[in-house]
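Peer 1: Residue numbers (the numbering used here): 223 to 1083.
I'd like to ask you about the structure that follows.
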RNA sequence: GCCCCCUUGGCGGAAUUGGUAGACGCACACGACUUAAAAUCGUGAGCCCAAAAGGCGUGCCGGUUCGAGUCCGGCAGGGGGCACCA
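Encoded structure:
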């Protein structure tokens, strides 16, 4: 029998789906909708296995929902702005726009080879003016609504990419793309006011019950809500106040110093007349922000000589230091130090010989016997040495202290967030221009909406470092829209996360020209019912999009709090790594395995060391090209392997053996259909019984496959399909082929037809091309893509007899078959009669017998 | 340092949520077909024991329970997130 010809078949069905426009989404308010979305790709030039995994998972869901009668929106687009295009332009002398559009064309073809149910008529590319003009208008609306502003601030500067990075884009003190240690620079930047929604974004996490806990926790930590008090310390001999934030107002009587950040305005002022302090501040700024540096950095301070007055005691003065561990960006940039109950404060106090007074002591401890050594006490206890707070617990002390501060007018209870506003200015060319004009007379002037889009000039050069837009001879020179005088365009562009923060809404009506999307379209399609992507965006894209949805709602674009109703984060695709004797990484395509399991390089026979299994990366050369895989095994085999191997949220290891096994199953399924067509269901005593059993298997498989897909247990769904096909194969193997002319058993023939139809429909979303081919082979005129999902008959999910386990003292000794729902007495009697149980009881009498109906009998002796 | 997750055969992983541990697959071994190989089909397999009987088994120690992979406490190992956050 000929092998299944995937090359011909996959091309054929892809063509038919395209010709029939099978996957076009049309709004129809009479139908329930399902918006299935996978994170759109950056057009780097080639798709990778991570894309195949992502889009295969989404496609499985989209196909199942379609079969279940949902009106499905499953679009695709391109996150097309970004630095790689500029790097390519610099290296290959090709314009970013040309490079990007070529990559999009290449990758679109690669994606189509996977056989996805994408509505390509909705494709968008974020680098096109008809996309980004809408976000320019949106930005102006954000500005008008107080959600965008410009401010000079310390920023993270990536010295390799020559641009500013958002806090979310700095990982361990290094740029998220370049890995270069970020520098601190003070620049004027545009910010989006994400902090305005800090509390809403935090609170609404509770409503996102179809999101992974991991992502919700990460966002919660990132937002970093803390409650405490802000208090005022008057400075002695100076008509000035110092504002301090603390989460522990209860420990105020344990204070022994104040410390301000090196970036605090007061520090700068004092440094003007104090060279020693100026030098200390300069040293602080030099200290890097990387983990290693911070870990090693000593707590250091510089005594300013100033004294601050304790808010609860006008006669109590505390020294004021500038300290290297106080951050200007958090709280007020100033702290009070309570060494007994904070480790950093303790380290600092020991170094500068400051008092350490415990004011919280563990329950049952005498305050006068309690001392703090090298470790600060941060646990619960009773307040002591704290005047009016004495005896209260920590929480009570906080409340009482805040009450006192408020009545004295020296402070108030407050909430502080770790979340910073989102800096969106980037000093790059290949991004969306920020639609602002700097006028020497009028200041910051928004580009009038009628003049949008502000488009990128095409005649730019990349031979000088820095931003090509500011180098351009003419582009930035414009007349001020307000006064008509000479003015300059903003030459910064938006962070590319700006584009990806609203593309899911654009997909709802991608062709409207005068607005980003229509109200009707978004109110029908949004929120996205199922979003799928990598966990690396947990606090980047996923947080920005949530903010954007709220911001767009505030500006009247939408009426929606959350963009993504269901979120799923997929695991990565990994592969073994290979190294040649000279230490060079070797790609999987260049190696071969010998008889004895030895691995050598194909080109020169050099022995290869097999290394750890790691995320596929160009650096380690452990990548596998999806197009090569699809060329060798077909898209269906690749899809099946991805779905079957590992639970989707975990990292999967890509192996040749794995995809080879999937390919063999594709063939086996195809042969099964061919065999089915040649056999005849013969009659006999067992025919009806076999028919019944087969139908039970199929309906159980339907039930489990459906629930497994809904629960993202794709590997289980595949296993269920295999169980069903194995069962069908077993039955077919017992039947004669047609030319033996035996009379047919109608019951078995009917059951086989039903069960084979179920099998093909269950397998279709996993292996769609094979699915269509099998469906056609069964004689159907309609496409499988237009057929409905099988529904399990509940009466076939339970059988009439059950096998119960029988234990003696909790250890399995026998199993007994009983009619379903036998009563306890029957089960007990049957169990005690079983010879194995009699033997295991060794003549003893049962002290107790536990019967769980249809499950287990446990005899206790 | 803080927070979160994970640990089941040679491997990926199942287990109706406290009730027959190892579904389904990969790799392996043996057999059939073949001149031979590939492909295909069949059989086997957690570990110990020659086998049966039996015993032991879900990272380790303890607990709850008639019964624990599942619940509780402690420990070890691995992974992830945040991090001088007051």
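C-beta: ideal position from N, C-alpha, C; glycine also.
Keep in mind the model is a prediction, meaning the values are calculated, not measured.
What does a CB cutoff of less than 7 Å around residue 694 pick up in its chain, not counting 5 residues either side in sequence?
Peer 2: In the first chain, the residue the question calls residue 694 occupies position 472. Cβ neighbours of residue 694 beyond the five flanking positions: 679, 682.
Peer 1: Name the one or two DSSP bridge partners that residue 347 has.
Peer 2: Residue mapping note: residue 347 aligns to position 125 of the first chain, counting from 1. In the DSSP output, where bridge partners are listed per residue, residue 347 has 300.
Peer 1: Return helix, strand or coil for residue 266, following the three-state DSSP convention.
Peer 2: Within the first chain, numbered from 1, the residue matching residue 266 stands at position 44. Three-state result, residue 266: coil.
Peer 1: Check whether the Cβ atoms of residue 245 and residue 340 sit closer than 8 Å, and answer yes or no.
Peer 2: Counting from one through the first chain, the residue named residue 245 turns up at place 23. Counting from one through the first chain, the residue named residue 340 turns up at place 118. Cβ atoms of residue 245 and residue 340: closer than 8 Å.
Peer 1: Applying the 10 Å Cβ sphere with the 16-neighbour rule, what's the burial state of residue 981?
Peer 2: Here residue 981 refers to the residue found at position 759 when the first chain is read from its first residue. With 16 or more Cβ atoms within 10 Å of its Cβ, residue 981 is classed as buried.
Peer 1: In this structure, how does DSSP classify residue 730 when only helix, strand and coil are distinguished?
Peer 2: Here residue 730 refers to the residue found at position 508 when the first chain is read from its first residue. Note: residue 730 maps to coil in three-state DSSP.
Peer 1: Nearest to residue 380 by CA position, among 316, 647, 629, is which residue?
Peer 2: Translated into positions along the first chain, residue 380 becomes position 158. Residue 647 is the option with its Cα nearest to residue 380.
Peer 1: Can you name the residues that DSSP bridges to residue 832?
Peer 2: Indexing the first chain from 1 puts residue 832 at position 610. 800.
Peer 1: Short of 7 Å in beta carbon distance, which residues of its chain neighbour residue 1074, apart from the five on each side in sequence? Order them along the chain.
Peer 2: The residue given as residue 1074 occupies position 852 in the first chain. Within the same chain, residue 1074 has no close Cβ partners at all.
Peer 1: Does the beta-carbon distance from residue 1051 to residue 1059 come in below 8 Å?
Peer 2: Taking the first chain and counting its residues from 1, one reaches residue 1051 at position 829. Taking the first chain and counting its residues from 1, one reaches residue 1059 at position 837. No.
Peer 1: Strictly by DSSP, which residues pair up with residue 412?
Peer 2: Translated into positions along the first chain, residue 412 becomes position 190. For residue 412, which the question treats as bridged, DSSP gives the partners 372.
Peer 1: Cβ of residue 917 within 8 Å of Cβ of residue 1008?
Peer 2: By one-based count along the first chain, residue 917 stands at place 695. By one-based count along the first chain, residue 1008 stands at place 786. Going by C-beta atoms, residue 917 is not nearer than 8 Å to residue 1008.
Peer 1: Residues bridged to residue 644 by DSSP?
Peer 2: Locating residue 644 in the first chain gives position 422, counting from the first residue. DSSP output for residue 644 lists 414 as bridge partner(s).
Peer 1: Kindly confirm or deny that the region 297 to 317 and the region 359 to 376 touch, where touching means at least three C-beta pairs closer than 8 Å.
Peer 2: Segments in contact, no.
Peer 1: Just checking my contact of residue 606 with residue 612 at CB under 8 Å: how many whole Å lie between their CB atoms?
Peer 2: For the purposes of this step, residue 606 is taken as residue 384 along the first chain, with counting starting at 1. For the purposes of this step, residue 612 is taken as residue 390 along the first chain, with counting starting at 1. Right, the Cβ-Cβ distance comes to about 6 Å (below 8 Å), so this counts as a contact.
Peer 1: Quick test of your reading: residue 937 and residue 866, contact by CB under 8 Å. State the CB separation rounded to the nearest angstrom.
Peer 2: By 1-based counting over the first chain, the position of residue 937 is 715. By 1-based counting over the first chain, the position of residue 866 is 644. Indeed they touch by this definition, with Cβ atoms about 6 Å apart.
Peer 1: So residue 475 and residue 609 are supposed to be a Cβ contact under 8 Å. How far apart are they, rounded?
Peer 2: As a working note, residue 475 is residue 253 in the first chain. As a working note, residue 609 is residue 387 in the first chain. Yes, residue 475 and residue 609 are in contact; Cβ-Cβ is about 6 Å, under 8 Å.
Peer 1: Closest by CA to residue 352, which one among 302, 837, 733, 882?
Peer 2: Along the first chain, read from residue 1 onward, the residue named residue 352 stands at position 130. Ranking 302, 837, 733, 882 by Cα distance to residue 352 puts 733 first.
Peer 1: With the cut-off set at 8 Å, would you say residue 1028 and residue 1056 are in Cβ contact?
Peer 2: Position 806 of the first chain, counting from 1, holds the residue named residue 1028. Position 834 of the first chain, counting from 1, holds the residue named residue 1056. Against a cut-off of 8 Å, the Cβ pair of residue 1056 and residue 1028 comes out as a contact.
Peer 1: Could you give the distance in angstroms between the alpha-carbon of residue 863 and the alpha-carbon of residue 854?
Peer 2: To locate residue 863, count along the first chain from 1; it is residue 641. To locate residue 854, count along the first chain from 1; it is residue 632. Approximately 14 Å, taken between the alpha carbons.
Peer 1: Classify residue 435 as helix, strand or coil using the three-state DSSP reduction.
Peer 2: What you label residue 435 is simply residue 213 of the first chain in a count that begins at 1. Residue state, collapsed to three classes: helix.
Peer 1: Candidates 815, 772, 842, 792: which alpha carbon is nearest residue 805's?
Peer 2: Taking the first residue of the first chain as position 1, residue 805 is located at position 583. Considering only alpha carbons, the answer is 842.
Peer 1: Can you tell me whether residue 229 is helix, strand or coil according to DSSP?
Peer 2: Taking the first residue of the first chain as position 1, residue 229 is located at position 7. Note: residue 229 maps to helix in three-state DSSP.
Peer 1: According to DSSP, residue 711 sits in a beta bridge with which residue or residues?
Peer 2: Against the first chain, residue 711 aligns to sequence position 489. Its beta-bridge partners are 659.
Peer 1: Decide if the region 427 to 439 is in contact with the region 489 to 504; the criterion is three or more beta carbon pairs, one per stretch, under 8 Å apart.
Peer 2: Too few Cβ pairs lie closer than 8 Å, so no.
Peer 1: Going residue by residue through the region 527 to 581, where are the continuous alpha helix (DSSP H) segments of at least 4 residues, counting only ones entirely within it?
Peer 2: List check, alpha helix (DSSP H) in window: 565 to 573.
Peer 1: Would you call residue 735 buried or exposed, if buried means 16 or more other Cβ atoms sit within 10 Å of its Cβ?
Peer 2: In the first chain, counting from the first residue as 1, residue 735 sits at position 513. Under this definition residue 735 is an exposed residue.
Peer 1: Using DSSP with H/G/I as helix, E/B as strand and the rest coil, what is residue 1069?
Peer 2: Here residue 1069 corresponds to residue number 847 of the first chain, with the count starting at 1. In this structure, residue 1069 counts as coil in the three-state DSSP scheme.
Peer 1: Does the Cβ of residue 634 have 16 or more other Cβ atoms within 10 Å, making it buried, or fewer, making it exposed?
Peer 2: Along the first chain, read from residue 1 onward, the residue named residue 634 stands at position 412. Result: exposed.
Peer 1: Just tell me which of 557, 1012, 643, 632 has its CA closest to the CA of residue 419.
Peer 2: Position 197 of the first chain holds residue 419. Of the listed residues, the one whose Cα sits closest to residue 419 is 643.
Peer 1: Return the residue from the list 1083, 573, 300 that minimises the CA-CA distance to residue 1066.
Peer 2: For this step, residue 1066 is matched to residue 844 along the first chain. Cα-wise, what sits closest to residue 1066 is 1083.
Peer 1: Taking all protein chains shown into account, decide if residue 393 is buried (16 or more other Cβ within 10 angstroms of its Cβ) or exposed.
Peer 2: As a position in the first chain, residue 393 is number 171, starting the count at 1. Answer is exposed; the Cβ neighbour count stays below 16.
Peer 1: Could you tell me the boundaries of the alpha helix (DSSP H) in which residue 998 lies?
Peer 2: For this step, residue 998 is matched to residue 776 along the first chain. Residues 990 to 999.
Peer 1: Mark residue 452 as exposed unless 16 or more other C-beta atoms lie within 10 angstroms of its C-beta, in which case mark it buried.
Peer 2: The residue labelled residue 452 in the question sits at position 230 within the first chain. That one is buried.
Peer 1: Straight-line CA distance for residue 426 to residue 373?
Peer 2: Indexing the first chain from 1 puts residue 426 at position 204. Indexing the first chain from 1 puts residue 373 at position 151. Approximately 29 Å, taken between the alpha carbons.
Peer 1: From what residue to what residue does the beta strand (DSSP E) around residue 814 run?
Peer 2: Taking the first chain and counting its residues from 1, the one referred to as residue 814 is at position 592. Residues 813 to 815.
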